[in-house]
Amino acid sequence: MSFIESIRTVLAKYAVFSGRARRSEFWWYYLALAIVEGVLYFALVVPGLTAYTTATMEYAMAGDPSAAVPAMPGSLAVGYLVVSLVALALLLPTLAVIVRRLHDTGKPGALAFLLLIPVVNFILIIVWGATAGTPGPNQYGPDPKAADQPVAA
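Using the numbering used here, you'd call the opening residue of the sequence shown number -2 and step up by one each time.
Structural data, given as structure tokens:
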């Protein structure tokens, strides 16, 4: 499955928690997610954060206790808002592809709740994402790789 195909598949199955997802679908989608979030963060949040840090440092260096603490720049607030809204919009398809990936390895989707544990979540994403799916159909559906196999005549 190609990069674009994977993104289309995940977004087409926006809230589909049944079935299975191949490793390529999972990893290409995660790469796209990281790129989108990273670009948005660096384009919208970092400039505002830099301005806020500079203003705060100038406040601290002034040594005037009566001076007002600088307010967060509007650009920083807007940047965080946009990044958060995009993350929120992509939360459901991300959870869905995680559950389908778990199904591909023969595990129940309820294991996705383990991702709420800090640090462990990072390790689990790598392990679950890298684990080969069960060959052939399992209790969650047909093998997604079978669709790519040539049919014998």
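Cβ atoms here follow ideal geometry from the backbone N, Cα and C, with glycine treated the same way.
Residue span of the alpha helix (DSSP H) that contains residue i, given as start and end
i           : result
residue 99  : 88 to 101
residue 46  : 43 to 59
residue 31  : 20 to 37
residue 186 : Since the first residue shown for the chain is -2 and the last is 150, residue 186 is missing from the structure and cannot be characterised.
Buried or exposed by the 16-neighbour rule on C-beta atoms within 10 Å, applied to residue i
i           : result
residue 164 : The requested residue 164 is not part of the displayed model; the chain covers only -2 to 150.
residue 11  : exposed
residue 22  : buried
residue 54  : exposed
residue 80  : buried
residue 31  : exposed
residue 101 : buried
As assigned by DSSP and simplified to three states, the class of residue i
i           : result
residue 130 : coil
residue 71  : helix
residue 106 : helix
residue 16  : coil
(request) Tell me, please, whether the stretch 63 to 82 touches the stretch 124 to 135 by the rule of three or more beta-carbon pairs shorter than 8 Å. (result) no
*Report yes or no: do three or more beta-carbon pairs, one from the stretch 89 to 97 and one from the stretch 9 to 16, lie closer than 8 Å?*
Result yes; three or more Cβ-Cβ pairs closer than 8 Å.
State whether the stretch 114 to 123 contacts the stretch 77 to 86, with contact taken as three or more CB pairs (one from each stretch) at a distance under 8 Å. Below 8 Å, too few C-beta pairs join the stretch 114 to 123 and the stretch 77 to 86 to call them touching: fewer than three.
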